[in-house]
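Taking it in order: structure first as structure tokens, then the write-up.
In my numbering, the protein residues as written are 1 to 165.
Pasting the structure below:
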């Protein structure tokens, strides 16, 4: 009987630790107390910024340009026991980041709370490097396009440094 309880305790501990590992991006206090910047692993001198156009298109901005607050984002955990977050701009806090249902999966923002297309899982890839993808399309990750403005879109694999501001 003691052996069964011990095995059950080990299995339970393993399951809890696996769930906790998925939530290790930040805890409630850290997420609400800080804003974060996203930098693509491929181009670490570029930052993700929210545009001020009608669609709130996300794009890249080079470090040498005055960044202001358009490159700072807030992460709000949706449910305490799940690894999904709403992403909002620090500059425009009422705008939510989401992936569009287009061929390229453009990353834009909206003033209404999005559905699963704007519920982002932030998964650790290696120390300081993360991948972000919406609940609706788990195989379609946030990426920065190699074009003149660093258009943000969906692709099979994108990795970002996430810096606390």
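Ideal Cβ positions, reconstructed from N, Cα and C, are used throughout, including at glycine. Predicted model only: the values in this text are computed from it and were never measured.
Mapping DSSP to helix, strand and coil, what is residue i?
i: residue 68; result: coil
i: residue 154; result: strand
i: residue 118; result: helix
i: residue 94; result: coil
i: residue 163; result: strand
i: residue 52; result: coil
i: residue 60; result: strand
i: residue 34; result: coil
i: residue 82; result: coil
i: residue 77; result: strand
i: residue 102; result: coil
i: residue 40; result: strand
i: residue 149; result: coil
i: residue 137; result: coil
Does residue i pass the burial test, meaning 16 or more other C-beta atoms within 10 Å, or should it be called exposed?
i: residue 105; result: buried
i: residue 130; result: buried
i: residue 126; result: exposed
i: residue 88; result: buried
i: residue 80; result: exposed
i: residue 148; result: exposed
i: residue 134; result: buried
i: residue 39; result: buried
i: residue 54; result: exposed
i: residue 154; result: buried
i: residue 85; result: buried
i: residue 128; result: exposed
i: residue 164; result: exposed
i: residue 141; result: buried
For the ligand SAM, is there a heavy atom less than 7 Å away from the beta-carbon of residue i?
i: residue 101; result: Among the ligands in the structure shown, none appear at all, so the ligand SAM cannot be discussed.
Could you tell me which residues DSSP puts in a beta bridge with residue i?
i: residue 132; result: 122
i: residue 110; result: 96
Report yes or no: do the segment 106-117 and the segment 61-78 share at least 3 C-beta pairs separated by less than 8 Å?
no
Could you check whether the segment 114-126 touches the segment 59-66, counting it as contact only if at least three pairs of C-beta atoms, one from each stretch, sit closer than 8 Å?
no
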